[in-house]
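Below is one structure; the comments refer to it alone.
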Amino acid sequence: MSGLLRRTLPSNIRLDFSLPERVAPVSLDRAMMESCVLNLVLNARDACGSRGAIALTVRPVQETWLEFTVADTGPGFSPDALAHALDPFFTTKGGEGSGLGLSMVYDMTKLAGGRITLGNTATGGRVTLRLPLRPAGDARPPGLVLLVEDSPDLRSALRDMLRGAGHSVIEAASVAEAAGILADLPGISAILSDIVLEGSETGIDLARLPRPADCPLVLMTSLPPDDPLHRAAEQAAPVLRKPFTAAQLDAALSAGDRP
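Following my numbering, the numbering of the sequence shown begins with 60 at its first residue and continues without gaps.
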């Protein structure tokens with residue numbers, strides 16, 4: 060991405076790279092990664108103003124994470140920005156910013172099973188992404204997926220997507236129905252559930268039910284990120300925003316579901 064990133068910067072802002080000499084191939088969503096890094100570099104460019112420097116560092120951490128850090132020589136994050144910069148529509152740029160850049164990076168990083176942290180250094184601001192370090196090809200093997208969705212049309216489309224990845228699928232429309240399946244079928248390998256379901260219980264209630272440790276659960280929704288139900292769901296499991304691709308679904312199921 061070096062050529063693309065350098066073209067986004069004026070000549071008076073320097074871009075430095077610190078990359079490991081050797082990293083084994085890992086499984087990442089290329090489009091997601093490029094979008095995240097580009098957004099972080101653009102934010103750092105705006106923070107630098109008329110001149111400065113941006114440093115992009117990539118390093119493996121404890122054989123568990125691949126860490127991407129973008130640091131700049133701008134004024135750093137204010138206390139308000141540190142508290143709210145990941146919220147949708149929060150911006151420090153007045154009418155010039157949409158406030159969606161860091162929020163989008165947060166959503167994609169969380170979806171991939173990773174973490175994002177903001178902080179300040181002695182010379183400016185810093186944003187760090189930690190993504191699960193998985194060998195290439197280490198996708199979740201096909202298994203029996205419990206699909207919980209109250210819309211028959213959406214359930215049909217999602218069933219086809221899961222079967223296209225080699226999974227077998229068993230379906231439910233409510234938490235009560237899903238709970239009965241989980242009790243009767245110990246071979247469930249993963250759960251994909253909408254947040255809003257038939258009845259008064261939601262996908263959040265489903266996420267709180269006991270299940271095997273190796274059975275990840277991913278919630279999905281078309282609710283906006285600032286919806287209270289969406290925010291509560293993020294505390295229970297990874298949340299997949301509708302619509303999503305088969306690759307995004309596979310990445311979410313492979314990442315696991317421990318927040």
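All residues carry an ideal CB built from backbone N, CA and C; glycine is no exception. Note that the structure is predicted; figures quoted are calculated from it, not measured.
Pairwise C-beta distances place the segment 95–111 in contact with the segment 171–190, as three or more of them are shorter than 8 Å.
Runs of the alpha helix (DSSP H) lying entirely within the segment 224–299, each at least 4 residues long, are 234–243, 262–266 and 287–293 in chain order. Given a length threshold of 4 residues, each whole run of the alpha helix (DSSP H) inside the segment 117–194 is given here in chain order: 138–143 and 160–170. In the assembly as shown, MET279 is a buried residue. Its beta-carbon has 16 or more other beta-carbons within 10 Å.
The three-state reading of DSSP puts GLY111 in strand, counting E and B together. Going by DSSP, ARG73 is part of the beta strand (DSSP E) stretching over 72–77. Secondary structure note for LEU205: its beta strand (DSSP E) is the uninterrupted segment 203–207.
Per the coordinates, the alpha-carbon of GLU126 lies some 25 Å from the alpha-carbon of PRO284.
Residue environment analysis places MET91 among the buried positions, since at least 16 neighbouring C-beta atoms fall within 10 angstroms of its C-beta. SER227 sits exposed, since fewer than 16 C-beta atoms from the chains shown fall within 10 Å of its C-beta. Nearest to ALA216 by alpha-carbon distance, out of THR304, ALA114, ALA242 and ALA237, is THR304. Here SER215 carries a helix assignment [DSSP, helix/strand/coil].
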